[in-house]
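Below: one structure, written as structure tokens.
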Amino acid sequence: MLCAIQTLHVHAHAAIKKAKKGKSTQKAIKASSKKGSLKRANNDSKQKSTSNSALSAIKRDIEKAKKKVGELELQEKNAMKGLATAKKKQLMVKEHVGKLMGEVRELQDTLETIRKTEATIQQKLNISRMTYARIAKKYQALMQKHAPDIAISPDILSGSMQFLGQSSMNRLPSYLRQMHTKLTLQMKEMQSLQGALSNQQEQISINSSRQERLLRESEYEQQNIRNILVEQKKKLESVRLSKEEVQKLIVKKEQSARQLSGLISSMVRNDIVKKEEKTSAEKPTHLQEKKRLGETPKKTSDIVSKKETQSEEPQRITQSTVQTRNDNTRVESLSGSFSGGFRWPSSAKRILRGFGQYKNSVTNTVMDNPGLDIACQAGSSAMCAATGIVSLVHWLPGYNSMVIVDHGNSYRTVYANLASISVKKGQKIEAGGLIGRTTQSVDGEFLHFEIWKGKQRMNPMAFLR
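Sequential numbering of the sequence shown, starting at 33, is according to the working numbering.
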């Protein structure tokens with residue numbers, strides 16, 4: 033009997049010693065884990081600091097790009113207005129130039145007519161001069177022979193005949209009087225033709241000058257409007273080239289939307305994994321407890337039970353699942369009561385862009401909005417739509433700073449286009465609690481809000497009350 037009791041004491045002592053040894057081992061593991069956690073925390077802190085600096089630099093660059101895009105959009109509007117005005121003016125100039133060219137053609141026709149008339153007159157004048165010279169030469173010879181006492185002009189042959197007086201004419205023979213009269217008429221005809229020729233030449237000069245002026249005016253107006261069109265087109269091309277930046281930002285925004293969808297999907301998968309781990313962690317605990325109780329003799333269990341209940345075995349089993357339980361407890365506590373009703377995340381309720389597809393006025397392309405863009409001034413409050421746990425604080429191109437809140441029952445909400453964030457990851461936040469403040473983006477001033485049920489995005493308008 034004594035030997036049996038001693039044997040039981042030995043077994044009990046061994047069990048207690050084993051429990052203490054397990055406790056020491058757990059303390060060592062815990063200390064090592066704590067040390068590792070501190071080291072990881074320091075590394076995470078450094079990485080976070082570096083990431084924050086990089087994000088700040090990117091944000092500054094994006095803000096500069098936004099200002100530039102705003103300026104370019106205004107310049108584009110002005111350039112398009114200028115180009116439209118220039119095109120209207122071009123039509124007016126074209127019409128005016130058409131009229132000018134019509135006048136030029138008329139002047140050209142007139143000049144051709146005048147030049148033909150001039151040539152005819154010139155021909156007649158040449159014939160008249162030849163006739164006059166022949167008559168004058170004969171007249172001069174006859175006058176010197178039959179009337180030497182009557183003085184005649186020495187320049188008579190050149191057409192500068194001096195007319196005789198009536199007394200001198202009466203002294204001349206009849207045939208000389210007839211020749212004198214004929215010379216006089218021929219000279220008057222030459223003078224008339226010369227006058228007509230001079231008039232035609234003057235008309236040619238006037239019309240030619242007008243034609244040259246019209247052509248210069250036409251060329252100037254056409255060149256001027258060409259210069260204006262080239263300048264306006266260059267401005268528009270420059271602005272449109274710069275619009276590629278906006279399109280690139282939109283591409284980044286779409287990529288960020290896909291990344292956000294991936295983050296949501298990852299969270300859903302993590303939830304599933306945690307639930308599976310919790311289930312698998314709890315089942316072995318019950319089996320091990322039953323096995324331990326089943327293998328221990330009744331008498332031994334009666335003697336050692338008091339000491340073993342104070343040992344670390346139950347604590348070790350509990351610690352193996354405590355982390356998993358803590359990770360899910362707060363969200364699980366929301367699951368039972370949350371039914372998917374959400375309040376508006378902003379005091380403003382005007383929708384800038386609704387859920388689903390819409391046409392981007394800048395790029396003239398069809399875009400897909402995974403949530404709502406609620407119009408509000410930059411700096412407006414973004415409020416939590418329902419009680420939940422902050423599961424992610426992040427930044428994405430095109431979305432700016434953003435927050436994801438887990439409400440349980442697979443519901444999550446996304447708050448984006450934020451300038452500042454007032455919550456931290458893991459923090460519980462009540463409905464109406466401040467998430468952060470909105471900012472201005474390329475697409476305007478608004479709060480971007482999304483609702484997800486598992487991996488499926490929902491139309492927020494069906495849930496907001």
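Even for Gly, the Cβ is constructed at its ideal location relative to N, Cα and C. Since the structure is predicted, the reported quantities are computational estimates derived from the model, not experimental observations.
- [ ] Determine, using beta carbons only, whether residue 380 and residue 407 come nearer to each other than 9 Å.
- [x] Yes, they are a contact pair.
- [ ] Could you say if the region 437 to 455 and the region 477 to 492 meet the contact criterion of at least three C-beta pairs nearer than 8 Å?
- [x] Flag = yes, the region 437 to 455 and the region 477 to 492 touch.
Task: residue 171, DSSP secondary structure in three states - done: Helix, per DSSP.
Open item on the list: According to DSSP, residue 443 sits in a beta bridge with which residue or residues?
Closed with: For residue 443, the pairing in a beta bridge is given by DSSP as 440, 485.
Task: Beta-carbon proximity check, residue 473 vs residue 415, cutoff 9 Å - done: No, the pair does not count as a contact, with Cβ atoms beyond the cut-off.
Task: N- and C-terminal bounds of the beta strand (DSSP E) containing residue 382 - done: Boundaries cannot be given for residue 382, as no beta strand (DSSP E) includes it and DSSP labels it neither H nor E.
Task: CA nearest to the CA of residue 118, picked from 135, 245, 257, 133 - done: Comparing Cα-Cα distances from residue 118 to each of 135, 245, 257, 133, the minimum goes to 257.
Open item on the list: Rounded to the nearest angstrom, what separates residue 116 and residue 131 at their Cα positions?
Closed with: C-alpha separation (whole angstroms): 23 Å.
- [ ] Please report how far the alpha carbon of residue 453 lies from the alpha carbon of residue 277, in whole angstroms.
- [x] One alpha carbon belongs to residue 453, the other to residue 277, and they sit about 27 Å apart.
TODO: May I ask you to list the residues that DSSP assigns as paired with residue 162?
DONE: Residue 162 is not bridged by DSSP to any residue.
Open item on the list: Closest to residue 463 by C-alpha separation, out of 431, 421, 427, would be which residue?
Closed with: Nearest to residue 463 by alpha-carbon distance, out of 431, 421, 427, is 421.
Open item on the list: Here's a check: name, in chain order, each residue in its chain whose Cβ is nearer than 8 Å to the Cβ of residue 211, leaving out the five neighbours to either side.
Closed with: Cβ neighbours of residue 211 beyond the five flanking positions: 167, 170, 171, 174.
- [ ] Taking only the alpha-carbon atoms, compute the straight-line gap between residue 247 and residue 123 and give it to the nearest angstrom.
- [x] In a straight line, the C-alpha of residue 247 is about 18 Å away from that of residue 123.
TODO: Check residue 252 in the structure and name its three-state DSSP category.
DONE: If DSSP states are grouped into helix, strand and coil, residue 252 belongs with the helices.
- [ ] Please confirm whether any heavy atom of the ligand ATP lies closer than 8 Å to the CB of residue 225.
- [x] Among the components of this structure there are no ligands whatsoever, and the ligand ATP is therefore not found.
TODO: Compute the distance between the beta-carbons of residue 297 and residue 457, then report whether it is under 9 Å.
DONE: No; because the gap between Cβ atoms is not below 9 Å, this pair is not in contact.
TODO: Express the C-alpha separation of residue 424 and residue 459 in angstroms, rounding to a whole number.
DONE: If I take the Cα positions, the gap works out to 10 Å.
- [ ] If I'm right that residue 164 touches residue 218 with Cβ under 8 Å, what's the distance once you round it to whole angstroms?
- [x] Correct: roughly 4 Å between the Cβ atoms.
Open item on the list: Within the continuous beta strand (DSSP E) that includes residue 398, where are the two ends?
Closed with: Element bounds for residue 398: 397 to 401.
TODO: Report buried or exposed for residue 352, applying the criterion of at least 16 other Cβ atoms within 10 angstroms of its Cβ.
DONE: Summary for residue 352: the model assigns pLDDT 38, below 50, so the residue's position carries little reliability; its value from the coordinates is reported in the next sentence. Answer is exposed; the Cβ neighbour count stays below 16.
Task: Distance between residue 491 and residue 388 (C-alpha atoms, nearest Å) - done: Roughly 8 Å between the two C-alpha positions.
Open item on the list: Could you compute how far the alpha carbon of residue 176 sits from the alpha carbon of residue 233?
Closed with: Rounded to the nearest whole angstrom, the C-alpha separation of residue 176 and residue 233 is 40 Å.
Task: DSSP beta-bridge partners of residue 452 - done: Answer is 469, bridged to residue 452.
Task: Burial state of residue 312 (16 or more Cβ within 10 Å) - done: Exposed.
TODO: Could you tell me whether the region 105 to 116 touches the region 264 to 275, using the rule of 3 or more Cβ pairs below 8 Å?
DONE: Contact check between the region 105 to 116 and the region 264 to 275: three or more CB pairs, one atom from each, fall below 8 Å, which counts as touching.
Open item on the list: Rounded to whole angstroms, what is the Cα-Cα separation between residue 243 and residue 220?
Closed with: Those two C-alpha atoms are separated by around 34 Å.
TODO: May I ask you to report which of helix, strand or coil DSSP gives residue 262?
DONE: Assigned with DSSP and collapsed to three states, residue 262 falls in helix.
Open item on the list: Please classify residue 385 as buried or exposed, where buried requires at least 16 other C-beta atoms within 10 Å of its C-beta.
Closed with: Per the 10 Å Cβ criterion, buried.
Task: Expected contact under 8 Å - CB spacing of residue 375 and residue 497 to nearest Å - done: The C-beta distance from residue 375 to residue 497 rounds to 6 Å, short enough to meet the 8 Å contact threshold.
- [ ] Keeping to the same chain, check which residues put their C-beta closer than 7 Å to that of residue 160; ignore five residues upstream and five downstream.
- [x] Here the set comprises 218, 221, 222, 225.
- [ ] Please classify residue 245: is it buried, with 16 or more other beta-carbons within 10 angstroms of its beta-carbon, or exposed?
- [x] Burial call: exposed.
TODO: Within 10 angstroms of the Cβ of residue 136, are there 16 or more other Cβ atoms? Answer buried if so, exposed if not.
DONE: Counting Cβ neighbours within 10 Å, residue 136 comes out buried, since at least 16 surround it.
- [ ] Taking the CB atoms as reference points, tell me whether residue 236 and residue 150 lie closer together than 9 Å.
- [x] Yes, the Cβ-Cβ distance between residue 236 and residue 150 is below 9 Å.
- [ ] Identify which residue in 484, 471, 429 has its Cα closest to the Cα of residue 443.
- [x] Measuring from the Cα of residue 443, the nearest candidate turns out to be 484.
TODO: Taking 9 Å as the cut-off, decide whether the C-beta atoms of residue 493 and residue 404 are in contact.
DONE: Cβ atoms of residue 493 and residue 404: closer than 9 Å.
Open item on the list: Here's the rule I'm using: 16 or more other beta-carbon atoms within 10 Å means buried, otherwise exposed. How should residue 141 be labelled?
Closed with: With fewer than 16 other beta carbons inside 10 angstroms of its own, residue 141 counts as exposed.
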